Every structure is written in structure tokens, then in C-alpha cells.
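Heads up, the thing below is written out as C-alpha cells.
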RNA sequence: GGCGGUAUCGUCUAGGGGACUAGGACACAGCCCUCUCAAGGCUGGAACACGGGUUCGAAUCCCGUUACCGCUACCA
């Protein structure tokens, strides 16, 4: 089973195309470790795989790599499911839990041992640790020395009989291991730089690379698309595929996502869990769109895309090599764009519960008046970037009365007596209107301003404070329309009383 | 240290020998619109890491340097 360099490299580079002359449905997977929440980097890797599967009518599989019992938790597994569900990244077939497959990993490792592709290493782990520490102290790179483990058959039998523990190491052949990476092109590693790595620990548990390859073969994965931090694992894995006599899949190593300081994105950069963004009122479609553009581009200037469009345009050729910095400003802008594209009834279904949670309205009541509610949403979404922005601005349309903000009062109601008189006049003018429409109100109020020899703004601004409590709002006539006649007049009354007393 | 990867405006990117006085987007600044705030429109500042080649010609190809990132475990 030892391969020459020619054989090994040829096998690695030839397999993707030649292994299957017939058209096979692509099978890709997302394989996170359940050691935290769903990270945006993981979400993006999942997205690329998902887009690929959906575009080429393949299967997108989910595998939870829970073999590290120390760090894996059920909460994390749930968080991954939740994150994927929120984003709408649905997987095909049942979830694979890696921990359930250790028997096969174990068997595969022993198969390698039987063929001579791997060998027993009775060296105590402590001893190796010592040698490594020594080498590092000297400033040398440590590499496991195969000769150290070389035993005669008799010696092996004796140790086996004595019940001495051993790890199984893969016998790395001479030559070069290379593959045509879908994003980087040809990548090659001289095998001499790869040490005989452990595939099965002395306690019988499989090591990562063994488990991954065993599972990817069992799941019939045709393309492994993952973060480029796995590039140096790839030659080891290819060697394993070959030794196991399995077809080597294609590989695509996508770049990492960095924080604004250029370092790998971590908690100190702020929110890195997709759940954080869900909580902040982001739309999953916007998140997906933004994530897709970090590490991939269409080739033209298209930026805002719906999910179907993303599927249609996705292509591994558009994948980048360079790490991208996660820019929350652009994410927010992207969300604003998607807010505008979301059908109003969908948006209503999202905003109504959020309003109820904020305590400024009852979801069912809002949804019972779709024409009015959609109108309000139309007004607010153009000046919002998140769902939370909409909720925040919605309160003047929902409550009976509003609180007058001190800064607004200082700014727009400087002269109390004069303002009270003006607001009373405004009130009377509006109250006399036969119908409550923006056009009639605008006509009447502009006429009032002209009669008083002042600009429209001199009326609109104080009126705005009376209606919404602050100095910022949608156009004043739309506000009047959607706040409604009764409440608008009541607020004007309240403002006049406030200024007089 | 060794191995591998990457390198265009502050950020995301287009670009794959001449169409580049390097295009778009976010952010920023100014102007327009205007009842405020947004949205929208217009304008502006802002980049090919450095050094060698190859070529009539290089952001684009090659080599080197530098910087950054990743891996370097009986972690995943």
C-alpha cells in the first residue's frame, strides 16, 4: 500500500474528474463542532455549501463533530440547529453525529494497520511530549521519528501480550501530495514535511483527521468546502482516502473572516454569533446576502440579492482567496436594503411580535388592521436599518398620548405662550377639516401659515413635537394620517395644556 | 523555527498583458431635494505592499523581499 510520489500525486489530482464519468449529484456537508454558538464564519461556510447543493440539485448534509466530549455540549448543538433554521439553511437527510461513528473510525484505522499503511507506536505519550519540549527549547521543529517505533515482530508480540498501550500512526509515504483546490488552484505538500500522524489514540479513540475522512467517505461527500484553516489538514486526509482505497473528493478552501483589526474574528470584535444578529433585528435574507459577499462575488456590481438569486448566481469560480473583514456598517446597510424588498405582509408578521415584546402594542390588533399597519411600516422602513429601528419609531403610531422630549420642547417650543396659541390654531384648523387626508391637511395648514405670514415649517415643526414628542418623524401629513384624527387632536390639546400649565 | 496560504481605496470588491487618468459598494465630506429625519440624485477625497525581471506594453505573468493569516498535538 506504499505509494510512489507519482502514484500518490496522480491519484490525488485525477480523482475528482475521473472517478465518476456519470453525472453524480453533488453531496456537500457542513461539519461544525458543537463547542459554542453558530459563528458567522461557520454560517458562511454552511451557506456556500448550501448554495452549491441547491444550485446543482445536490444534497447538503449536516454533521455534528462531537468527538471532543470535553468541549461539546447539547446547548451548542441546539444553537447550531437554531442558527441554521433561522437562516433558512435546511439540510437533507438526518443529522450525522460523529460520536456515533467511532466504531467505524476505529475499524478503518485498524484496516490501515492491517494493510501496513499504518503501524503501532508503543512510545508513551509522555515521552513524545518530552522530546517535543526539548526540540522546542533548542528552537528546532519536532517531527516524530518512525525509527523510534520500529519493533521486531517478536517485540511487538511481547508488548501486545503484556497489554502495553499503543497508538496507531499513519505511515506517510514518500512523494508529494497535491490537489486542485477549487479556489486556490494546485496546492502541493512534500510528504517529507508531514509526520507520521496518529490516527487512533492509545485509548482507542480516533483522531480528527481519521474521523473526518471515515465519515466523509461514508457520507459519500463529493466536495469538501471549508475554511482555509484546514488547508494543512488536507494532505493528511488525502493520504488517508488513498490508503483506504476511496475516491478523493474535490476540495474548496474558502478564506477566513477577520475582525476590523485583521485578526481572526472573535468575541472581542463584538457580536460573532448569528444569534446575536437575529436578536438585533436583522433579516436572515440580509445576513445571508452579506455573508455571501464576504469571500465570494458575482463578478459584476450586483450586491443586493434575494436567496433565489444567490442560488442562481453562486459559483465556486467567484470564491475569493483573501480573508475578509466583517464590517457591521455594511451589514446594517444591507439589512436596510432588504427591509425595502420584503413584502409588507411578511414584514408585518416580523414586526408585530417585536412590537408586542417591546410592550407598545398587541400583535394581533396590529395584524387585524393590515391596511393601516402596512402603511405605517411603509413609512418607517425607509428610515430604518433593523427591525428594532422600526419598532422604536412605531410607538407614536401606537400609543394614546406621547411624552414631549425636553430637547424637542427647548428647540421647537421656545416661546410657550406663542406656541400654545399656534398649536391651538393648528388644532382648530385641522378639527374643521371635512376629511382627514394628507392632501386636505397640507392645503389647510399651508393656508394657515400664509395667513399668518410664516413659512410652513414654522407650523410643521412645533406640530411634529406635539404629535410624536420629538423632532424627527416621517412627513408630517403622513404622521397625521396614520396617527388618526382623534388622537392627533387629543395630542394637540395635551400640548397646549402642557405649554399653558 | 518549519510548512502552507494571502497581498487593489479605511472596509467589501471589479480587474485575469493594451479598453485603467484603476470601476462599483459601505463608510466619510459637500451640494441638491425638503416640514424634521431618512430615502434618492449629484460631487469629492481615498488603493494596485516593495524590489527585480519577462514584454513594444504589467494592477494583471515570473522571481525575491516584506507584512499578515493559518497549521505545526495521542484538540477539533
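Residue numbers (the working numbering): 135 to 635.
Ideal Cβ positions, reconstructed from N, Cα and C, are used throughout, including at glycine.
Just so you know, these numbers come straight off a predicted model, no measurement behind them.
When DSSP states are grouped into helix, strand and coil, residue 364 belongs to the helix group. Taking the Cβ atoms as the reference, residue 360 lies roughly 7 Å from residue 387, within the contact range of under 8 Å. Apart from sequence neighbours up to five positions away, the residues of its chain that approach residue 542 with a beta-carbon distance below 7 Å are 599, 603, 604, 605, ordered along the chain. Here residue 418 carries a helix assignment [DSSP, helix/strand/coil].
In the DSSP assignment, residue 577 falls within the alpha helix (DSSP H) that extends over 572-586.
Three or more Cβ pairs drawn from the stretch 368-378 and the stretch 305-313 lie within less than 8 Å of each other, which places the two stretches in contact.
Residue 413 and residue 186 have their alpha carbons spaced roughly 28 Å apart. About 7 Å separates the Cβ atoms of residue 489 and residue 497, confirming a contact at the 8 Å cut-off. Taking the C-beta atoms as reference points, residue 256 is found nearer than 8 Å to residue 300. A buried status is given to residue 486, since no fewer than 16 other beta-carbon atoms sit within 10 Å of its beta-carbon.
DSSP places residue 319 in the strand class (E or B) of the three-state scheme. DSSP assignment within the stretch 213-281 yields the following whole alpha helix (DSSP H) runs of 4 residues or more, N-terminal first: 236-249, 259-272.
The beta carbon of residue 433 sits closer than 7 Å to those of 452, all from its chain and outside the five residues before and after it, given in chain order. Here the stretch 456-465 does not lie against the stretch 198-207, with fewer than 3 beta-carbon pairs under 8 Å apart. Taking residue 482 as reference, the option from 568, 509, 295, 216 with the minimal CA-CA separation is 509. In the displayed model, residue 600 falls within a helix according to three-state DSSP. Leaving aside the five residues that flank residue 394 on each side, the residues in its chain whose CB is nearer than 7 Å to its CB run, in chain order, 403, 459.
The C-beta of residue 193 has 16 or more other C-beta atoms within 10 Å across all chains shown, which makes the residue buried.
Taking 8 Å as the cut-off, the Cβ atoms of residue 617 and residue 399 do not count as close. Secondary structure within the stretch 488-524: the alpha helix (DSSP H) runs of 4 or more consecutive residues, fully enclosed, are 497-501, 504-515 (chain order).
If you compare the alpha carbons of 329, 373, 325 with that of residue 348, the shortest gap goes to 373. Here DSSP, grouped into helix, strand and coil, assigns residue 159 to coil.
The C-beta separation of residue 243 from residue 305 comes to about 12 Å, leaving the pair out of contact by the 8 Å criterion. Per DSSP, the continuous alpha helix (DSSP H) segment holding residue 610 begins and ends at 610-617. Under the three-pair Cβ rule at 8 Å, the stretch 511-526 does not count as touching the stretch 545-562. Per the C-alpha coordinates, the member of 264, 346, 378 positioned closest to residue 200 is 346. One thing to note: residue 228 has its Cβ no nearer than 8 Å to the Cβ of residue 278. Counting C-beta atoms within 10 angstroms of its own C-beta, residue 518 has 16 or more neighbours from the protein chains shown and is therefore classed as buried.
Boundaries of the alpha helix (DSSP H) around residue 550: 550-565. Under the three-pair Cβ rule at 8 Å, the stretch 471-482 counts as touching the stretch 433-444. Secondary structure at residue 445: helix, using DSSP grouped into helix, strand and coil. Annotation: residue 568 to residue 516 spans about 30 Å, alpha carbon to alpha carbon. Nearest Cα to residue 159 within the set 182, 176, 188: 188. Here residue 398 is bridged, per DSSP, to 392. Judged by DSSP in its simplified three-state form, residue 627 adopts helix. Exposure of residue 281 is indicated by the presence of fewer than 16 other C-beta atoms within 10 angstroms of its C-beta.
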